[in-house]
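Residues 714 to 1325 in this note's numbering are what the sequence shown lists, from first letter to last. C-beta atoms are modelled at their ideal positions from N, C-alpha and C, and glycine is treated no differently. Heads up: the structure comes next, in structure tokens.
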Amino acid sequence: MKLTTAQALVRWLAAQRTELLDGTQAPLFPGVFAIFGHGNVLGLGSALAEYRDSLPVWRGHTEQGMALAAVGYAKARHRRQVGVVTSSIGPGALNMVTAAGVAHANRLPLLLLPGDTFAGRAPDPVLQQVEHFGDATTTVNDAFRAVSRYFDRITRPEQLQATLPQVARVLTDPADTGPVTLALPQDVQAETYDFPESLFEPRLRRVLRPGPDTGEVADAVRVLANARRPLLVLGGGVRYSGAASVALDFARAHAVPVVETTAGRALVPHAEPLFAGPLGITGSASGNALAAEADVVLAVGTRLQDFTTASWTVFPREVRLVTVNVARFDAVKHGATTVVGDALRVLQELEAALPGGPIGEPGWAARAERERAGWDAHIDRLRAPGTGLPSYAQVVGVVNDLSDSGDYVLTSSGGLPGELVGGWRSAGEAPIDVEYGFSCMGYELAGAWGAAMAWETGLVTTVLGDGSYLMLNSELFSAAFAGHPFVAVVCDNGGYAVIARLQEGNGAAAFNNMYSDCRTAHDTPPSVDFAAHAESLGCAVFRADDLESLRAAYLQARAAAVAERVPAVVVLRTHSSAWTEAGAWWEVGVPPHLAGHADYAEGKARQVRYAR
């Protein structure tokens, strides 16, 4: 079939299928986010126009926002479907690098198709081209190499035949998944080639479920069978494997308390007696209390990053780690006993190999419910009505109380992850998305657009601060224009308050975080009317002043989002220094002259250096 490179690529995208967690089939690439420019409008743009019926194209308004929306889509679809994003060359391409970092850090599939400068070089230097004096083969798209799982630059049409199978492999292999970048020189996009028809035959790309090695299972069973105080940690890999119910059955069969990571949050029903709460810095005092006494930790589907482990101070020094992960890279960290494989399959094989009945000493499992009851009472006190501006905990409490069991909630950066991870009470039917692998400001709105496109069982709500709103708000208009409804609750606390807390809490002077501490030429600095701004972007808007009006505004926003098929934005002023604290330590570099250095030194002394 004589096709241009761009036509062949688009035709291949449209032919790929995937199997969802429920066993049904769907397009692997359900749509494309696009902003066209001189690097992609005639090649890829005209090819996408030909296939618009089978491969929908959505217009965004920032390349970063579109790519973050694609990330949010992939997460809401449990990594079974992949968003595609195309841009022009130069600044359009580089705008997507941040989103590639989000996908890379969070192990989420994403296909990026940036335009590139001419392979033929006849018109060099072209508009938006950055020339490298010592290497003529380098373009700005080489910046993607650091944040791509797979990178290729297509300089000949026939190269697609070799690279597309690798693209499919990376995007559907849970051990290796992440962003894929295919840089497409604009002249190559328009070149033709006689492609084999077989390249475009419909192809089902199943996400792999690799089983574990029997020897690794036996090693893990020996450690688990001798545990006195075992703890089960559920991470994002449990979510993507669809293994939540299997993990909970395992915990119940052996009376093992359960905690969740940020990426694994809301997999366990809050009322489950074995649920001790979330783990780590943004977790709960209850989950951390059990972690501090655990002698064996079975960590499933998690990288055990610093927020989960409180910079490796949440576990005792003598802890034994058993890690289950589909990626050997993650499984072997920290000297753990490793089992490499799909979370669901490994848990099933561990269950089959373990002796029946409870593991551990009498009374250990009951600690989970008692400790969590104390944490729940603490959260109840934080959520109770009071005087003054509402706190983040109170805002999250209202959203939690008024959400349905199938609803999807997300946030990303600042202080709100601590409120959602630490305080959210789930019925166990819908996970939450707290993007804290990269903690990307602006994901809250762009990711919500993608999640709203993907989530089918309820309404999406995103909760964000004023800093994130100002960082990246253009995709509110994209979602309004496309007709993808969600609710955004914007908490205006007057600046980057959570970083101000980190700064001042360690003894540094207040500087350049809150508006009141920033350089300005005005006696009365300008301020943003977030409600008016959101309304100008096509959103339904509701203002709130206190908890009572917030409840009313949030209910109205939910109804308006569905009825009008636009984002509905709730705006309110919130307290700038009231936080939910799990009582855990986080390692940040504290200079010796600051008051926080003593706490830094004490935390360093408690770190687990290498597990047994």
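contact_flag[the stretch 810–822, the stretch 777–787] where n(CB pairs < 8 Å) is 3 or more: yes
N- and C-terminal bounds of the beta strand (DSSP E) containing F1190: Working through the sequence shown from its first residue, we reach residue 1190 at position 477. Here F1190 belongs to no beta strand (DSSP E); instead the alpha helix (DSSP H) covers 1188–1195.
Nearest candidate by alpha-carbon position, reference A1044, set V1059, T1015, L1063, P1068: For the purposes of this step, residue 1044 is identified with residue 331 of the sequence shown, where counting begins at 1. Per the Cα distances, T1015.
For P991, the three-state DSSP class (helix, strand or coil): Position 278 of the sequence shown, counting from 1, holds the residue named residue 991. Strand.
Euclidean distance between Cα positions of P1238 and N1225: Here residue 1238 corresponds to residue number 525 of the sequence shown, with the count starting at 1. Here residue 1225 corresponds to residue number 512 of the sequence shown, with the count starting at 1. Distance between the alpha carbons of P1238 and N1225 is about 14 Å.
R1271, enclosing alpha helix (DSSP H) - first and last residue: On the sequence shown, position 558 is the one that residue 1271 refers to. Looking at the DSSP string, the run of the alpha helix (DSSP H) that includes R1271 is 1260–1277.
Cutoff 6 Å; reference L824; Cβ partners in own chain excluding five residues on either side: By 1-based counting over the sequence shown, the position of residue 824 is 111. Once the five neighbours on either side are set aside, the close Cβ partners of L824 are V795, V797, V893.
Three or more C-beta pairs below 8 Å linking the stretch 1166–1175 and the stretch 1004–1020: no
Nearest-angstrom Cα separation, counted from G990 out to A1327: Residue 1327 is absent from the structure shown; the chain starts at 714 and stops at 1325.
Residues near E1178 in its chain [Cβ-Cβ closer than 6 Å; skip 5 each side]: The sequence position of residue 1178 within the sequence shown is 465, counting from 1. The amino acid occupying residue 1178 in the given sequence is Gly; Glu does not appear at that position. Same-chain partners within the cutoff: G1127, C1204.
T1233 burial status per 10 Å Cβ neighbour count (16 or more: buried): Taking the first residue of the sequence shown as position 1, residue 1233 is located at position 520. Exposed, because fewer than 16 other Cβ atoms sit within 10 Å of the Cβ of T1233.
Counterpart residues of K715 in DSSP-defined beta bridges: Position 2 of the sequence shown, counted from the start, is the residue given in the question as residue 715. Paired residue(s): D907.
Best match in A1276, V1254, G1208, E1217 for proximity to H1197 [C-alpha to C-alpha]: Position 484 of the sequence shown, counted from the first residue, corresponds to residue 1197. Considering only alpha carbons, the answer is A1276.
S767 versus G833: straight-line alpha-carbon distance, rounded: Here residue 767 corresponds to residue number 54 of the sequence shown, with the count starting at 1. Here residue 833 corresponds to residue number 120 of the sequence shown, with the count starting at 1. So the alpha carbons of these two residues sit roughly 32 Å apart.
P982 in three-state terms, based on DSSP: Within the sequence shown, numbered from 1, the residue matching residue 982 stands at position 269. Coil, per DSSP.
Segments of 4+ residues assigned as alpha helix (DSSP H) that fall wholly inside the stretch 1183–1254: 1188–1195, 1210–1218, 1243–1249
Buried or exposed (CB count within 10 angstroms, at least 16 for buried), C1252: Reading the sequence shown from its first residue, position 539 is the one you call residue 1252. With 16 or more other Cβ atoms within 10 Å, it is buried.
Collapsed DSSP secondary structure at V713 in the structure displayed: Nothing in the structure corresponds to residue 713, since the chain is present only between 714 and 1325.
Boundaries (first-last residue) of the beta strand (DSSP E) holding R1286: The residue you call residue 1286 lines up with position 573 of the sequence shown. Residues 1281–1286.
T1036 versus W1137 - alpha carbon distance: As a first step, residue 1036 must be located in the sequence shown, where it is residue number 323. As a first step, residue 1137 must be located in the sequence shown, where it is residue number 424. In a straight line, the C-alpha of T1036 is about 26 Å away from that of W1137.
Distance cut-off 7 Å: G785 Cβ against heavy atoms of the ligand GTP: As for the ligand GTP, it is missing from this structure, which has no ligand bound.
Expected contact under 8 Å - CB spacing of A960 and S1104 to nearest Å: Here residue 960 refers to the residue found at position 247 when the sequence shown is read from its first residue. Here residue 1104 refers to the residue found at position 391 when the sequence shown is read from its first residue. Actually they are not in contact, since the Cβ atoms of A960 and S1104 sit about 33 Å apart, beyond 8 Å.
S1116 burial status per 10 Å Cβ neighbour count (16 or more: buried): In the sequence shown, residue 1116 corresponds to position 403, counting from 1. Flag for S1116 reads buried.
Cβ-Cβ distance between Y906 and L722 below 8 Å: Residue mapping note: residue 906 aligns to position 193 of the sequence shown, counting from 1. Residue mapping note: residue 722 aligns to position 9 of the sequence shown, counting from 1. No. Outside cutoff.
Continuous beta strand (DSSP E) stretch holding Q738: start and end: Counting from one through the sequence shown, the residue named residue 738 turns up at place 25. Here the beta strand (DSSP E) through Q738 covers 738–740.
Cβ pair G1073, A968 closer than 8 Å: For the purposes of this step, residue 1073 is taken as residue 360 along the sequence shown, with counting starting at 1. For the purposes of this step, residue 968 is taken as residue 255 along the sequence shown, with counting starting at 1. For G1073 and A968, yes; Cβs fall inside 8 Å.
Option in R1033, A1065, G1054, S759 with minimal Cα separation from F1042: By one-based count along the sequence shown, residue 1042 stands at place 329. For F1042, the nearest C-alpha among the options comes from G1054.
Three or more C-beta pairs below 8 Å linking the stretch 1015–1031 and the stretch 1290–1305: yes
N854, DSSP secondary structure in three states: Taking the first residue of the sequence shown as 1, we reach residue 854 at position 141. Helix, per DSSP.
At least 3 beta-carbon pairs within less than 8 Å: the stretch 911–926 vs the stretch 872–887: yes
V946 burial status per 10 Å Cβ neighbour count (16 or more: buried): Here residue 946 corresponds to residue number 233 of the sequence shown, with the count starting at 1. Answer is buried; the Cβ neighbour count reaches 16.
Nearest-angstrom Cα separation, counted from E1261 out to V1173: Locating residue 1173 in the sequence shown gives position 460, counting from the first residue. Locating residue 1261 in the sequence shown gives position 548, counting from the first residue. Looking at the two C-alpha atoms, the distance is approximately 22 Å.
Nonlocal neighbours in the same chain, by C-beta distance under 7 Å from R965, ignoring five residues either side: Here residue 965 refers to the residue found at position 252 of the sequence shown. The residues are L987.
Helix, strand or coil at Y1149 according to DSSP, with G and I counted as helix: Within the sequence shown, residue 1149 is the residue found at index 436, counting from 1. Y1149: coil per DSSP, three-state reduction.
Cβ pair V810, A856 closer than 8 Å: Stepping through the sequence shown from its first residue, residue 810 is reached at position 97. Stepping through the sequence shown from its first residue, residue 856 is reached at position 143. Result yes, Cβ atoms of V810 and A856 sit closer than 8 Å.
According to DSSP, residues forming a beta bridge with P870: Stepping through the sequence shown from its first residue, residue 870 is reached at position 157. In the DSSP output, where bridge partners are listed per residue, P870 has none listed.
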